[in-house]
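In our numbering, the protein residues as written are -15 to 224.
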């Protein structure tokens, strides 16, 4: 069996001697589509920062595979108003995903330019490469950011509330793109989303967090749990 891309063994993450997330055990394998859900304040953002390497574990063990250490993680953060108005061309935004690999070189290599073009083609936005990012529709911006993340890596994408602000039709288009990357191209996906009705259909694994792990396993099993039924029933005051 292949080594997991990412594995947590009883991991804690926190700030200033206070652990926000405690005793998390989970793993992400090639081809996984894992969605993290939980109430507001349950530690989802802290866990995501830890998985991205922005926070060091205060306890337990976080292990990355050799492939992931080499390629890195593609990250699609929540979009702020300033980022949505970023004055750059689509191609400039996409190729900036190669910045981590460019190091101190002043210019992008031919291979990096080819990778940016390939990912724009992959996401169906090649005809927009000279367009200004801030003039794009919400769906076009998300495709641009996915292409950017794929320039960083095609092993694992971490997506933070990716459909916020998208209309239902555009959100379904987004899910279709991610599903294709996951199922047809074997890109592992980790998503934090409030869109519980859709993610239990899209994802193959669910992690329900409330400081500690309340559920971790197949999406079909999650639907049968008390947590899953309450979330899917739209209980007031709960947010994924």
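For every residue, glycine included, the Cβ atom is placed at its ideal position computed from N, Cα and C.
Residue burial classification, residue i (beta-carbon count within 10 angstroms, cutoff 16)
i: residue 124; result: buried
i: residue 50; result: exposed
i: residue 89; result: exposed
i: residue 77; result: buried
i: residue 181; result: exposed
CB-CB length for residue i against residue j, believed under 8 Å
i: residue 45; j: residue -7; result: 4 Å
i: residue 166; j: residue 2; result: Not confirmed; about 35 Å, so no contact.
i: residue 24; j: residue 196; result: With 8 Å as the limit, residue 24 and residue 196 do not qualify as a contact, their Cβ atoms being about 16 Å apart.
Rounded straight-line distance, which links the Cα of residue j to that of residue i
i: residue 155; j: residue 122; result: 9 Å
i: residue 143; j: residue 59; result: 6 Å
i: residue 213; j: residue 192; result: 12 Å
i: residue 53; j: residue 117; result: 30 Å
i: residue 82; j: residue 162; result: 20 Å
i: residue 152; j: residue 95; result: 37 Å
i: residue 115; j: residue 91; result: 21 Å
Where the beta strand (DSSP E) through residue i begins and ends
i: residue -8; result: -10 to -1
i: residue -13; result: No beta strand (DSSP E) holds residue -13; DSSP gives it neither H nor E.
i: residue 19; result: 17 to 21
Beta-carbon contacts of residue i that lie in its chain and below 7 Å, excluding the five residues immediately before and after
i: residue 148; result: 62
i: residue 130; result: 60, 107 and 161
i: residue 42; result: -4, -3, -2 and 3
Continuous alpha helix (DSSP H) stretch holding residue i: start and end
i: residue 51; result: 50 to 55
i: residue 73; result: It is not in any alpha helix (DSSP H) - residue 73 carries neither H nor E in the DSSP assignment.
i: residue 160; result: 152 to 169
Contacting residues, own chain, Cβ-Cβ under 8 Å from residue i (five flanking each side not counted)
i: residue 137; result: 52, 55, 56, 57 and 58
i: residue 188; result: 16, 17, 18, 202 and 203
i: residue 157; result: 123
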